[in-house]
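Residue numbers (our numbering): 720 to 851.
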């Protein structure tokens with residue numbers, strides 16, 4: 720699995736999925752196909768694209784899957800949500816957690832501070848790579 724830098728917005732979403740689904744990020748990134756893991760992986764991929772507007776490849780890198788899987792998650796979301804009660808229940812729980820955390824003003828300020836720190840780290844890394 721390639722090393723990627725997770726932004727704080729992505730971390731907030733990942734934490735909501737982990738907490739809401741009860742599935743660890745390690746399991747979400749694994750190749751296991753157990754129902755609970757697959758549902759969490761599917762929801763995370765869908766939310767990365769729809770809520771955070773991640774590119775398909777970025778979402779795939781975070782989940783450790785192919786970008787084609789992200790396309791499938793998006794394509795199947797309506798049917799999964801409509802006909803699969805376990806998926807709907809998990810999705811709704813995760814979305815409530817995510818939105819309650821995201822719209823909490825103190826958490827939002829922490830998120831902004833953390834994003835500034837992320838940008839500074841990325842700049843430092845880029846400067847090092849170009850020998851600035």
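Built from N, CA and C at the ideal position, the CB exists for glycine as well.
Near residue 812, which residues of its chain fall below 7 Å by C-beta distance, leaving aside the five closest residues on each side in sequence? The residue given as residue 812 occupies position 93 in the chain shown. Closer than 7 Å at Cβ, skipping near neighbours: 739.
Member of 822, 768 and 832 whose CA lies at the smallest distance from the CA of residue 792: Residue numbering aside, residue 792 sits at position 73 when the chain shown is read from its first letter. When each option's Cα is compared against that of residue 792, the closest is 768.
Would a C-beta distance cut-off of 8 Å place residue 724 and residue 836 closer than the cut-off? Position 5 of the chain shown, counted from the start, is the residue given in the question as residue 724. Position 117 of the chain shown, counted from the start, is the residue given in the question as residue 836. Not closer than 8 Å, so no.
contact_flag[the region 753–773, the region 798–818] where n(CB pairs < 8 Å) is 3 or more: yes
Residue 729 and residue 830: beta carbons closer than 8 Å? On the chain shown, position 10 is the one that residue 729 refers to. On the chain shown, position 111 is the one that residue 830 refers to. Taking 8 Å as the Cβ cut-off, residue 729 and residue 830 do not qualify as a contacting pair.
State the start and end residues of the unbroken alpha helix (DSSP H) segment that holds residue 805. The residue given as residue 805 occupies position 86 in the chain shown. From DSSP, the alpha helix (DSSP H) with residue 805 extends over 804–821.
With a threshold of 7 Å on Cβ separation, who are the neighbours of residue 765 within its own chain once the five nearest residues in sequence on each side are excluded? One-based indexing of the chain shown puts residue 765 at position 46. Excluding sequence neighbours, residue 765 sits near 792, 793 and 796.
Report the rounded CA-to-CA distance for residue 752 versus residue 850, giving the unit in angstroms. The count along the chain shown starts at 1 and reaches residue 752 at position 33. The count along the chain shown starts at 1 and reaches residue 850 at position 131. C-alpha separation (whole angstroms): 44 Å.
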